[in-house]
Amino acid sequence: MDITIRDARPEEYGAVGELTAQVYLGDGLLTFGEADEYLTELRDAARRAARAELLVAVDGAADGGAEGELLGTVTFVGDGGELAEVAAEGEAEFRMLAVRPEARGRGAGEALVRACLRRARARGLRRVVLSSQSHLHTAHRLYRRLGFVRAPERDWEPIPGFTLHAFAVDLAPGRDQRHNI
């Protein structure tokens, strides 16, 4: 499958937000389901795009993928600010990685993560971090394959009793050639 990663366009923000919300709901990632307050943040792609970089993965199309079907999305936080949850000085993070269930296993999630790593490296940042729920084993395998390791000292609870596990990858010079990132 040919996948293109690009910045989300303003006219796509509604679809991107709804995709993110539906993936989180469908995968049972929200503690309170439809009543979860985080759902509002997931749907507000325009706010994320104004405060970070909102990336999309689209299915390849005749025009090189620019207009293809929306497969997934991620929010890249490369400059800190209010969307940074676990990133420290000199670090980027990505959040809200979501891939349509029917597009999973086709490389969209990996392409989105690799795009975040490239953007962090282009900014001269030393590390990329992320938070993940403990039971997302498929995502964890992807992260490990791309060089991420658990960073338990950075685990945190957005709400009491709900622990998110932190992962980090160092962006050492030359690492991109060895790992094709």
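Taking my numbering, I'd label the letters of the sequence shown as residues 5 to 185.
Cβ coordinates follow ideal geometry from the N, Cα and C atoms, glycine included.
So residue i and residue j are in contact, right, with Cβ under 8 Å, and what is the actual spacing, rounded?
i, j, result
"V132", "E95", "7 Å"
"E89", "E97", "7 Å"
"G64", "I7", "6 Å"
In angstroms with no decimal places, state the Cα-to-Cα distance between residue i and residue j.
i, j, result
"Y17", "L175", "30 Å"
"V117", "R149", "11 Å"
"R125", "E93", "14 Å"
"R130", "A39", "38 Å"
"L146", "C120", "14 Å"
"E1", "W160", "The shown model of the chain, from 5 to 185, leaves out residue 1, and the question about it has no answer."
Any idea what DSSP makes of residue i, helix, strand or coil?
i, result
"H169", "strand"
"R227", "Residue 227 lies beyond the stretch modelled for the chain, which goes from 5 to 185, so this question has no answer here."
"L134", "strand"
"D6", "coil"
"R118", "helix"
"A91", "coil"
"A61", "strand"
Does any CB atom of chain E fall closer than 8 Å to the CB of residue i?
i, result
"D63", "This model lacks chain E altogether, as it is built from one protein chain only."
Who are the Cβ neighbours of residue i in its own chain at under 7 Å, not counting the five residues just before and after it?
i, result
"G30", "P105"
"A143", "S136"
Quick one: what's got a C-beta closer than 8 Å to residue i's C-beta in the same chain, skipping five residues either side?
i, result
"Q137", "L33, L168, H169"
"A12", "V20, A49, A53, L58, L59, V60, T77"
"R123", "E57, F80, G82, A96"
"P14", "A50, A53"
"A115", "I7, I9, A61"
Among residues of its own chain, excluding the 5 on either side of residue i, which ones have a beta-carbon nearer than 6 Å to its beta-carbon?
i, result
"V173", "V132, G151, F152"
**Asked** Three or more beta-carbon pairs under 8 Å between the region 17-27 and the region 45-62, yes or no?
**Response** The region 17-27, when compared against the region 45-62, does touch it at the 8 Å Cβ threshold.
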